[in-house]
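In our numbering, the protein residues as written are 645 to 1039.
Now the structure itself:
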């Protein structure tokens, strides 16, 4: 209901302010030949690969910026702005939302080398701008990138098969929806969006063909959708469908224990080793200031001391997450996850102690859950069977 009310209200305001004209004016589209769907299938492949390139570049750049020291936060937007400014100095069309360039491509008034150049530079400029913390979004650039890729494919197709393919404008229009489906990962929304933009439903069939191909390629090569990946980088973990599927099962909240005082990240390995000596916990929380950053294995502390690295910081022992899905030492669970999911996580990561963090902010440590705690919650073991109960000083 709230979605319907908000959408209706926004449409009324838009209609009163800007009128009822479509955002883009395109020539009437018609399918020249059934074989032309093959060209749109190629556009789906190009759009899918372009979408993956954009998402992976943005996530990797943003991950790199997030790893920089907090003292460089003021400098990061400067780096992004300088990069985009240099690109815009040589190719001014890459700046801004670019709807004027999209209009030119939709009307067929564009040079092949220019649209290819704009597609590549827009991917770089948007990724650098967004990753460095500058103002800007993903919606507009995705349409721009898609229009350029579609216009390029359309021009090539029309040169090779002039009698069985339409003009490049139709391909640019389909390309807008194709890139949106690949980047945002919402193929049906893309179809409706293009229909609303043009008020012409005849383009929907080739759009669906191209969309599904781009969606499939994007899903195979970039498993995590862009907005979920961005949220994860910010430490926000939204509940998934598996949470609803485990309704009624005991959750991590029933087995959580108070966490011991985290080790400061700049603490020497020797001092950290001395502090955790005598505890039967297999891992200990580490914090950077007030922010939880991960769990360090006590066995790794032992190995570091034996290897003569006792003067190094505890932070040097933590393995960070990467873009390939490996979580390193930041693996965690949430209060609303079932105990069966907690056990699964323990089995996947070969850990008997996991931190419980907030979904709203993964740097907020709520407590720990151990294998013994889980077994006790299931009624398999009692408190005496969990040596960590009496060894970590929390009971």
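For glycine and all other residues, C-beta sits at the position ideal for the given N, C-alpha and C. These figures come from a predicted structure and were not determined experimentally.
Host alpha helix (DSSP H) of residue i (start-end)
i	result
residue 655	646 to 662
residue 716	No alpha helix (DSSP H) contains residue 716, which DSSP labels as neither H nor E.
residue 826	812 to 828
residue 801	783 to 804
residue 860	848 to 865
residue 734	720 to 734
residue 834	831 to 842
Nonlocal neighbours in the same chain, by C-beta distance under 8 Å from residue i, ignoring five residues either side
i	result
residue 959	909, 910, 930, 932, 937
residue 1021	894, 898, 899, 983
residue 968	Because the pLDDT of residue 968 is 46, which lies under 50, any placement of that residue in the model is unreliable, and the question is left without a value.
Opening and closing residue of the beta strand (DSSP E) in which residue i lies
i	result
residue 927	927 to 932
DSSP beta-bridge partners of residue i
i	result
residue 912	957
residue 936	931
residue 999	1012
residue 982	895
Nonlocal neighbours in the same chain, by C-beta distance under 6 Å from residue i, ignoring five residues either side
i	result
residue 935	1007
Helix, strand or coil at residue i [DSSP, three-state]
i	result
residue 941	strand
residue 968	Unreliable positioning characterises residue 968 in this predicted model, as indicated by a pLDDT of 46, which lies under 50. A coordinate reading is not provided.
residue 741	coil
residue 591	Only positions 645 to 1039 of the chain appear in this structure, which leaves residue 591 out of reach.
residue 874	helix
residue 675	coil
residue 901	strand
residue 907	strand
residue 950	helix
residue 809	coil
residue 667	coil
residue 753	coil
residue 919	helix
residue 777	coil
residue 704	helix
residue 845	helix
residue 963	coil
residue 768	helix
residue 680	helix
residue 879	coil
residue 1004	coil
Proximity to residue i [Cα-Cα], best of the options
i	options	result
residue 853	766, 690, 903	690
residue 710	1017, 985, 879	879
residue 795	1009, 861, 732, 686	686
residue 951	975, 922, 913, 805	913
residue 864	827, 758, 875	827
Sequence-distant residues of the same chain with beta carbon closer than 7 Å to residue i, five excluded per side
i	result
residue 1037	Its pLDDT being 46, under 50, residue 1037 is placed unreliably by the model, and the measurement read from it follows with that caveat. The answer, listed in chain order, is 904.
residue 677	808
residue 684	818, 850, 853, 854
residue 831	825, 855, 856, 859
residue 820	787, 790, 791, 794, 838
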